[in-house]
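A short write-up of the structure that comes next.
Protein chains: 2
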Amino acid sequence: MKHFADQLAAAVKRTGNSVCVGLDPRAKNLPAELLAADEKSLSDLADVYTHFCNGVIDVVAPLVPIVKPQAAFFEELGPSGALALGRVIDHAHSRGLLVIVDAKRGDIGSTAEAYARAYLGHDSPWRADCLTVNPYLGDDSLTPFVDVARERGAGIFVLVKTSNPGGRLLQDVESDGRPLYSRVAEHVEGLAAANLGACGYGFVGAVVGATYSEQLVELRRAMPHTWFLVPGYGSQGGTAADVAPAFDANGLGAVVNNSRGIIFAHARPEYETVPWQSAVESATRAMIADLKSALR
Amino acid sequence: MKHFADQLAAAVKRTGNSVCVGLDPRAKNLPAELLAADEKSLSDLADVYTHFCNGVIDVVAPLVPIVKPQAAFFEELGPSGALALGRVIDHAHSRGLLVIVDAKRGDIGSTAEAYARAYLGHDSPWRADCLTVNPYLGDDSLTPFVDVARERGAGIFVLVKTSNPGGRLLQDVESDGRPLYSRVAEHVEGLAAANLGACGYGFVGAVVGATYSEQLVELRRAMPHTWFLVPGYGSQGGTAADVAPAFDANGLGAVVNNSRGIIFAHARPEYETVPWQSAVESATRAMIADLKSALR
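Chains as they are written, first to last, in my numbering: chain A, 1 to 296; chain B, 1 to 296.
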């Protein structure tokens, strides 16, 4: 039986690193050569996004275990974007990558189930391996996602502590001496522990930002069965040293996402003279080396 | 300049009621005549959803101010569902209805902006008037939604207190003597008050469940400039008496959603012998009368 936690552990071991490449195709940041001067329809732009993301995938597939398309940028293009997202996911799979759809969905009952069915598993229209989920609606809102993920051998990552400064407004509210995010963490760890794979982790993971290193230490300790998806490395200020505490003693337990820092590396002065694909490759290799040095 | 709060106030005054019809097309609950016996592709099912939702719209357009398609059920059908959602929204507009897309989106920075641009305003692929938004990522995650809504004369409803029992896990956590949802409420009221229309309400609203009548009383008092979107009437147990406190002295300030109770009224014994459209009309008229009696 397929188990997302085991698939992820195997992919991390095979590639020897825990880099997740975020596929966030923003039109204004794309390599200029992909955007002709004439006005683009949403459908044209969706084709450009597909071409760009698939190009990134071709570069990173031999290097990293997993990619994370950001649903919002595809949704911005309407139905054409929905088609493009499916094509990008299929291409990633054809190159052997795991795929997290970063859509931060959250709802209750049969509505939550519909979201889960939309994204997770080979029976779904988008066929992702994993989906990010928002916990604000509470425990009964997570259950349908967990149930569908179990049924389809897929995974979810629940937002626990996000990487943005404003996350504090709710996530850090203290009650009985503990912040709100630690309650979410406790619930998520319970779900992970109840749904373990052979690797010792569950298919229910947690999103924990790289920008709060102390909380990473605390949450790694509190959540021994929970894979972490760690955003905020690079562009948002998180360093390899900051994310090191997300890993267990065997170097498992976390994947560290980088979107802009990899896919838009062509905009950096040091990569100005090389093809954008080479910039993506160099930036990916640099991040792999950076994480390795911090985990040594 | 178009202002969502004023559009909503005008629509409520014109129709004389505050009913929001939720368009949640679940395949298994559709009138049997719409589902032929043979297996349906996702694209076939998307056509059925469009036909069904547009049929509901034709019935309710002369009666109510607003409809609320649930994004999850369309997303479950993949790209075909994305197309269908756009068609349903366009049809609702052609019949003079306002449209809230219930997608509970939430993210940060340019990602949040992409979600807002995807759904809000006539420049967007889906052209909705309003979008539901999840606040777990904090204040800076709401700003891009507010900014895009302002720019496009659209609105947002932020989840404050949801109608499901599990909502308590986070929303009711007490800190300094107040529950978490009241912090969200305070922030949302601030955004509403900073973005007022001529009607005295802002274009930033709040989702407050019908199932917690005491909290409706408390929040109506604490949020004098905030439109409420009230789920949980009917199928989830909320009564007209429960939702009455959501309204101001002029009968404005809230719209009360009903999805299953209206669109799947054909399944109720009393409507067994009439066309499903007649069941929708009767259920809508019954809810209008029920709300009126409680607001008298």
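Ideal Cβ positions, reconstructed from N, Cα and C, are used throughout, including at glycine.
Among the options, which one has its Cα closest to the Cα of residue i?
i: Pro269 of chain B; options: B:Asn258, B:Lys13, B:Ser282, B:Asp6; result: B:Ser282
i: Ala46 of chain A; options: A:Phe73, A:Val59, A:Pro125; result: A:Phe73
i: Arg296 of chain B; options: B:Ile262, B:Ala240, B:Thr273; result: B:Ala240
i: Glu75 of chain A; options: A:Asp102, A:Asn54, A:Leu98; result: A:Asp102
i: Ala61 of chain B; options: B:Gly202, B:Ser141, B:Gly109, B:His91; result: B:His91
i: His3 of chain B; options: B:Pro79, B:Gly121, B:Gln171, B:Leu291; result: B:Gly121
i: Leu30 of chain A; options: A:Thr284, A:Ala279, A:Arg285; result: A:Ala279
i: Arg168 of chain B; options: B:Pro179, B:Leu191, B:Glu39; result: B:Pro179
i: Val217 of chain B; options: B:Leu196, B:Ser182, B:Tyr201, B:Asn195; result: B:Ser182
i: Gly237 of chain B; options: B:Val256, B:Thr211, B:Ala32, B:Val59; result: B:Thr211
i: Phe203 of chain A; options: A:Pro125, A:Gly190, A:Glu39; result: A:Gly190
i: Ser80 of chain A; options: A:Val56, A:His225, A:Asp44; result: A:Asp44
i: Gly55 of chain A; options: A:Asp172, A:Gly166, A:Pro25; result: A:Pro25
i: Arg87 of chain B; options: B:Ser110, B:Leu63, B:Phe52; result: B:Phe52
i: Asp58 of chain A; options: A:Ile156, A:Ala36, A:Gly96, A:Ala32; result: A:Gly96
i: Gly153 of chain A; options: A:Arg14, A:Ala114, A:Gly78, A:Gly197; result: A:Gly197
i: Thr226 of chain A; options: A:Gln215, A:Asp38, A:Val207, A:Ser213; result: A:Val207
i: Thr162 of chain B; options: B:His93, B:Ser213, B:Arg117, B:Asp176; result: B:Ser213
i: Val148 of chain A; options: A:Gly253, A:Tyr115, A:Thr273; result: A:Tyr115
Can residue i and residue j be called in contact, C-beta distance under 7 angstroms?
i: Ser235 of chain A; j: Gly22 of chain A; result: no
i: Ala193 of chain B; j: Arg220 of chain B; result: no
i: Gly232 of chain B; j: Gly209 of chain B; result: yes
i: Cys199 of chain B; j: Asp6 of chain B; result: yes
i: Ala294 of chain A; j: Ala244 of chain A; result: yes
i: Pro65 of chain A; j: Ala9 of chain A; result: no
i: Asn17 of chain B; j: Ile263 of chain B; result: no
i: Val297 of chain A; j: Val146 of chain A; result: For chain A, the structure presents residues 1 to 296; residue 297 of chain A sits outside this window and is missing.
i: Gly310 of chain B; j: Asn195 of chain A; result: It is not possible to answer for residue 310 of chain B, since the shown part of chain B is limited to 1 through 296.
i: Glu84 of chain A; j: Tyr49 of chain A; result: Inspection of the sequence shows that residue 84 of chain A is occupied by Ala rather than by Glu. Going by C-beta atoms, Ala84 of chain A is nearer than 7 angstroms to Tyr49 of chain A.
i: Val255 of chain A; j: Leu291 of chain A; result: no
i: Leu137 of chain B; j: Ile108 of chain B; result: yes
i: Pro69 of chain B; j: Ala112 of chain B; result: no
i: Asn164 of chain B; j: Asp140 of chain A; result: yes
i: Arg117 of chain A; j: Ser124 of chain A; result: yes
Under 7 angstroms Cβ-Cβ, which residues of chain A neighbour residue i?
i: Asp107 of chain B; result: Ala72, Lys104
i: Glu281 of chain B; result: Under the 7 angstroms cutoff, chain A gives no residues; its nearest Cβ is about 25 angstroms from Glu281 of chain B.
Is there at least one Cβ from chain A nearer than 7 angstroms to residue i's Cβ?
i: Asn257 of chain B; result: no
i: Asn134 of chain B; result: yes
i: Pro79 of chain B; result: yes
Name the chain B residues whose beta carbon is nearer than 9 angstroms to that of residue i?
i: Arg150 of chain A; result: Residues of chain B passing the Cβ test: none, with the nearest at roughly 18 angstroms.
i: Leu83 of chain A; result: Gly78, Pro79, Ala82
Step through the CB atoms of chain B and report whether any lies within less than 7 angstroms of the CB of residue i.
i: Asn164 of chain A; result: yes
i: Ala114 of chain A; result: yes
i: Arg127 of chain A; result: no
i: Ala118 of chain A; result: yes
i: Leu191 of chain A; result: no
i: Leu159 of chain A; result: yes
Chain A partners of residue i, CB-CB under 8 angstroms?
i: Thr111 of chain B; result: Asp24, Gln70, Ala72, Phe73
i: Ala173 of chain B; result: For the record, residue 173 of chain B in the displayed sequence is Val; it is not Ala. Within 8 angstroms Cβ-Cβ: Val173, Ser175, Leu180, Arg183.
i: Leu42 of chain B; result: Pro125
i: His187 of chain B; result: Leu169
i: Gly205 of chain B; result: Within 8 angstroms Cβ-Cβ: nothing; Gly205 of chain B doesn't reach chain A, min ~16 angstroms.
i: Gly234 of chain B; result: Chain A residues near Gly234 of chain B: none, gap ~14 angstroms exceeds 8 angstroms.
For a contact defined as C-beta to C-beta under 7 angstroms, what are the partners of residue i on chain B?
i: Asp139 of chain A; result: Gly166, Leu169
Is there at least one non-hydrogen atom of the ligand ADP closer than 6 angstroms to the beta-carbon of residue i?
i: Gly209 of chain A; result: In the structure shown, the ligand ADP is absent, as is every other ligand, since no ligand is present at all.
Just the chain A side, please: which residues come within less than 9 angstroms of residue i by C-beta, in chain order?
i: Gly86 of chain B; result: Gly78, Pro79
Every unbroken alpha helix (DSSP H) within the segment 53-108 of chain A, with a cutoff of 4 residues, ordered by chain
Annotation note: the segment 53-108 of chain A contains the following uninterrupted alpha helix (DSSP H) runs of length 4 or greater, listed N- to C-terminal: 71-75, 79-94.
Every unbroken alpha helix (DSSP H) within the segment 213-262 of chain A, with a cutoff of 4 residues, ordered by chain:
Unbroken alpha helix (DSSP H) stretches of 4 residues or longer found wholly inside the segment 213-262 of chain A: 213-222, 240-243, given in chain order.
Inside the segment 12-56 of chain B only - alpha helix (DSSP H) runs reaching at least 4 residues
List check, alpha helix (DSSP H) in window: nothing returned.
At 4 residues or longer, what runs of the alpha helix (DSSP H) sit wholly inside the segment 139-188 of chain A?
Fully enclosed alpha helix (DSSP H) runs of 4 or longer: 139-152, 168-171.
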